[in-house]
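Each remark here refers to the structure printed beneath this line.
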Amino acid sequence: MSEVEFIPAEKLKQQFYCLGHFYSLVFGNGTEIPCRSLLEILRKDTFHGTVSTEITNLQSDTLVIMMNPGSSRPLDPEQGGAVVSAHEIETGLATQPLVPTVPDTTQYQIMRLMLLQNWQHVRIVNLSDLRNADSNRFVQEISLLEKLPSGAVHSIFSNARRNEWKARLSLNNGPVIAGWGQHPGLEKLAEYAVQSMAGQELTGIAVARHPLRFAHPSPRNHSHKVRWLVQMAARFRPQSASF
Numbered sequence: 001m002s003e004v005e006f007i008p009a010e011k012l013k014q015q016f017y018c019l020g021h022f023y024s025l026v027f028g029n030g031t032e033i034p035c036r037s038l039l040e041i042l043r044k045d046t047f048h049g050t051v052s053t054e055i056t057n058l059q060s061d062t063l064v065i066m067m068n069p070g071s072s073r074p075l076d077p078e079q080g081g082a083v084v085s086a087h088e089i090e091t092g093l094a095t096q097p098l099v100p101t102v103p104d105t106t107q108y109q110i111m112r113l114m115l116l117q118n119w120q121h122v123r124i125v126n127l128s129d130l131r132n133a134d135s136n137r138f139v140q141e142i143s144l145l146e147k148l149p150s151g152a153v154h155s156i157f158s159n160a161r162r163n164e165w166k167a168r169l170s171l172n173n174g175p176v177i178a179g180w181g182q183h184p185g186l187e188k189l190a191e192y193a194v195q196s197m198a199g200q201e202l203t204g205i206a207v208a209r210h211p212l213r214f215a216h217p218s219p220r221n222h223s224h225k226v227r228w229l230v231q232m233a234a235r236f237r238p239q240s241a242s243f
């Protein structure tokens, strides 16, 4: 396995910043769940001075599909976003501003790939917007939401949000990376994502005998993190990296 330089988080923070769309999704029965619908990872030297409202409509170098936002949170706790009803999501009336976001280990891993490929802008969406760092509880939440009217709107791949997904896909100028992991409870959402690709190829580290499962970019084992970077970099044409 070829070696790549594993850039530490402190150095990555000097070169990149993250912006996210945060909101709280509320259903008719009063259930309220913290969510994030979008994350933008940007090179500071390229996007310095760019107004955040313009970022959402810019072409990304790559689009990454992850499982869910996990423990992602805004830099300022007061910017957790408005309370949004499922109806507002369905009708496209919900809008959330992009706010500075605290990066996590997965986002640092994407930054490392960005350096290897010389990408300036990566956009991340998720199978589900639900913010929950416990994957098992997250899957349980999804199961509960399936029983509610409009319960599917937590996913950008739901029928109600089809136009939103099409817009994200049309604003991508490069590959679409699948990195949502291997949890068996996600296969229905993963199937929706694959079916919504409109013929565009998904790039990722596929799991043998499981066509809907793709390796997560940032597994716990350090050597596996490096392996993911090496294998993903090998899938793309070599670029002049900027470290």
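For the sequence shown, this note's numbering begins at 1 and goes up steadily by one. Each residue gets a CB set at the ideal place from its N, CA and C atoms; glycine is no exception.
Cβ pair residue i, residue j closer than 9 Å
{"i": "residue 153", "j": "residue 39", "result": "no"}
{"i": "residue 189", "j": "residue 180", "result": "yes"}
{"i": "residue 178", "j": "residue 236", "result": "no"}
{"i": "residue 216", "j": "residue 106", "result": "yes"}
{"i": "residue 130", "j": "residue 29", "result": "no"}
{"i": "residue 132", "j": "residue 146", "result": "no"}
{"i": "residue 171", "j": "residue 57", "result": "yes"}
{"i": "residue 113", "j": "residue 234", "result": "no"}
{"i": "residue 12", "j": "residue 111", "result": "yes"}
Residue closest to residue i, alpha-carbon to alpha-carbon, out of the options
{"i": "residue 117", "options": "19, 174, 191 and 59", "result": "174"}
{"i": "residue 139", "options": "178, 123 and 184", "result": "184"}
{"i": "residue 161", "options": "208, 49, 33 and 193", "result": "193"}
{"i": "residue 60", "options": "176, 148, 79 and 51", "result": "176"}
{"i": "residue 244", "options": "201, 182, 75 and 199", "result": "Residue coverage of the chain in this structure runs from 1 to 243, which leaves residue 244 outside it and unanswerable."}
{"i": "residue 74", "options": "45, 104, 56 and 84", "result": "104"}
{"i": "residue 34", "options": "80, 58, 199 and 12", "result": "80"}
{"i": "residue 198", "options": "221, 224 and 167", "result": "167"}
Secondary structure of residue i, DSSP reduced to three states
{"i": "residue 40", "result": "strand"}
{"i": "residue 223", "result": "helix"}
{"i": "residue 159", "result": "helix"}
{"i": "residue 146", "result": "coil"}
{"i": "residue 121", "result": "strand"}
{"i": "residue 243", "result": "Low confidence applies to residue 243: its pLDDT is 42, below 50, so where it sits in the model is not reliable, and the reading given next is rough at best. Residue 243: coil per DSSP, three-state reduction."}
{"i": "residue 5", "result": "coil"}
{"i": "residue 48", "result": "coil"}
6 Å Cβ shell around residue i - same chain, five flanking residues per side excluded
{"i": "residue 20", "result": "36, 39 and 101"}
{"i": "residue 121", "result": "42, 60 and 61"}
{"i": "residue 135", "result": "183"}
Proximal residues to residue i (C-beta, below 8 Å), its chain only, five neighbours per side dropped
{"i": "residue 159", "result": "152"}
{"i": "residue 243", "result": "In this predicted model, residue 243 has a pLDDT of only 42, less than 50, meaning its place in the structure is not dependable; the value taken from the coordinates is given anyway. Within the same chain, residue 243 has close Cβ partners 5, 7 and 115."}
{"i": "residue 165", "result": "125, 156, 157 and 196"}
{"i": "residue 53", "result": "97 and 98"}
{"i": "residue 210", "result": "182"}
{"i": "residue 44", "result": "14, 15, 16 and 17"}
Sequence-distant residues of the same chain with beta carbon closer than 7 Å to residue i, five excluded per side
{"i": "residue 86", "result": "25, 27, 150 and 153"}
{"i": "residue 1", "result": "With a pLDDT of only 48 at residue 1, under the threshold of 50, the placement of this residue in the model should not be trusted; the figure read from the coordinates follows. Here the set comprises 227 and 230."}
{"i": "residue 90", "result": "150, 153 and 160"}
{"i": "residue 241", "result": "Reliability of the predicted coordinates at residue 241 is poor, the pLDDT of 48 falling under 50, and the value obtained from them is presented with this limitation in mind. Taken in chain order, the residues that qualify are 115, 116 and 118."}
{"i": "residue 46", "result": "120"}
*asked:* With three or more beta-carbon pairs closer than 8 Å as the criterion, would you say the segment 118-126 touches the segment 56-71?
replied: A contact exists between the segment 118-126 and the segment 56-71.
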